[in-house]
Amino acid sequence: MTTRAVVRGVGHYLPERIVENAEFETWIDTSDEWIRSRSGIERRHFAAEGETTSDMACKAAQAALDHAGLAADDIDVLIVATSTADLTFPSAATMVQNGLGMTRGFAFDVQAVCAGFVYALANANALIASGQANRALVIGAETFSRIMNWEDRTTCVLFGDGAGALVLEAQDGKGTPEDRGILSVDLNSDGRFKDILYVDGGVATQNTGVLRMEGKEVFRHAVEKLAATAHTALEKIGMTGADVDWIVPHQANLRIIKATAQKMGVPMERVVVTVQDHGNTSAASIPLALSIGVARGQIKPGDLVVTEAIGGGLAWGSVVIRW
């Protein structure tokens, strides 16, 4: 028998404020058509004043727990993927642990920017497979609206805020690709490409900083590396794009999503797309899309789902899940 980390519940949260593309036209040199044509984004959500990453993470986590029919103290480990934690320390995860009333287990953050949720899933899977945890609550949450350069028309229109969460539970499998749960993981990073996507602040500069991105370079790396990591993860279990029921990609840019799906040989009809409504929510984008894909009735038990993401670092990876 093989221990699998099986999805028990999903949930998400989006701030109330919706920012349509047209709103940007009032104060920077851009247009709804320009934003849509380059990114596929039509609108995004921005956190309210005083609304933090941990606040949103708590709401998404509670929704996932409710969907799973579990309480906070049924969870052994809580992992938050974020690059926009409320404070330098303590971790957002311990804040969420407290906010949920979880009085046992352990909690920690994972920081791999837009690839953060994939990395967090990999950590949760390893903890469950090794027997260190029976149930894991994995959350992606971001308030990227607080690290935008509002004078850079090419980046400030791309990002949004939100949170998504998954509950994973240990279940016995036969050790075949027909098992439910996480079937394979592929993680990668290459620090040589730091300067094409980063935030120019932190402890060294004594300020929060703002996001800096070389869009063309990021696009080039994204298409190449996302398809490659997905293929690698599928090859580990003897499968190809033809076996995939759904790709649930990092929701950064519709052109990247389409190009990656084409490289994988998967039609867009089998890709969950939410970028038009949420923008790029970094580590929150995959769990948000998974939760919405389930709510829409797209993702069903037994489906083979591939998630893949790339972010600053560069860091990228993929996870294959039998729903």
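Per numbering that gives the first Met the number 0: the sequence shown ends with 322, consecutive numbering throughout. Yeah, the Cβ is synthetic: ideal placement off N, Cα and C, and Gly gets one too. As the structure is a prediction and not an experimental result, all values here were calculated from the model.
A direct Cα-to-Cα measurement between Ile-298 and Leu-225 gives close to 21 Å.
For Trp-26, no beta strand (DSSP E) run applies, since DSSP gives it neither H nor E.
By the neighbour-count definition (other C-beta atoms within 10 Å, threshold 16), Met-0 is an exposed residue. A straight line joining the alpha-carbon of Asn-97 with that of Arg-37 spans about 41 Å.
Here the alpha carbons of Gly-100 and Ala-121 stand approximately 25 Å from one another. Proximity of the stretch 154-173 to the stretch 286-303 meets the contact definition, three or more beta-carbon pairs being nearer than 8 Å.
Contact between the stretch 103-112 and the stretch 254-262 is not established, with fewer than three Cβ pairs separated by less than 8 Å.
A buried status is given to Asn-20, since no fewer than 16 other beta-carbon atoms sit within 10 Å of its beta-carbon. In the structure shown, His-66 falls within a helical segment according to DSSP collapsed to helix, strand and coil. Per DSSP, the continuous beta strand (DSSP E) segment holding Glu-168 begins and ends at 160-172.
Per the C-alpha coordinates, the member of Gly-39, Glu-307, Ala-84 and Thr-259 positioned closest to Ser-144 is Ala-84.
With a minimum length of 3 residues, the unbroken runs of beta strand (DSSP E) contained wholly in the stretch 35-116 fall at 42-45, 76-80 and 105-109.
At the C-beta level, Thr-142 and Thr-228 stay beyond 9 Å of one another. Secondary structure at Thr-231: helix, using DSSP grouped into helix, strand and coil. The C-alpha of Glu-150 is placed about 34 Å away from the C-alpha of Ile-78. Exposure of Phe-88 is indicated by the presence of fewer than 16 other C-beta atoms within 10 angstroms of its C-beta. Nearest in C-alpha terms to Phe-105, of all of Ala-132, Ala-241, Ile-138 and Ala-119, is Ala-132. With a cut-off of 8 Å on Cβ pairs, the stretch 310-321 is in contact with the stretch 189-200, counting three or more such pairs. In this structure, the alpha-carbon of Ala-251 lies about 16 Å from that of Ile-291. Bridge pairing for Gly-8: Val-166 [DSSP]. Exposed is the label assigned to Gly-237, since fewer than 16 other Cβ atoms lie within 10 Å of its Cβ. In this structure Ile-127 is in contact with Leu-167, their Cβ atoms being roughly 6 Å apart against a cut-off of 8 Å.
The C-beta of Val-137 has 16 or more other C-beta atoms within 10 Å across all chains shown, which makes the residue buried. Secondary structure at Leu-157: coil, using DSSP grouped into helix, strand and coil. When C-alpha distances from Ala-80 are compared across Tyr-118, Ala-125 and Gln-205, the shortest belongs to Tyr-118. Counting only residues of its own chain and dropping the five nearest sequence neighbours on each side, Val-222 has a CB closer than 8 Å to the CB of Ile-255, Ala-258, Thr-259 and Lys-262. If you look at Asp-276, you'll find it in the alpha helix (DSSP H) that goes 274-277. Met-267 counts as exposed, since fewer than 16 other C-beta atoms from the protein chains shown sit within 10 angstroms of its C-beta. Residue pairing from DSSP places Ile-320 in a beta bridge opposite Ile-181 and Val-304.
Ser-188 sits in a strand when the DSSP states are folded into three classes. Under the 10 Å beta carbon count, Thr-306 is surrounded by 16 or more other beta carbons and is classified as buried. Taking Leu-196 as the centre and dropping the five residues before and after it, the same chain places the C-beta of Met-212, Val-217 and Gly-311 closer than 6 Å to its C-beta, in chain order. Per the Cβ contact rule, the stretch 48-67 is not in contact with the stretch 25-34 (fewer than 3 Cβ pairs under 8 Å).
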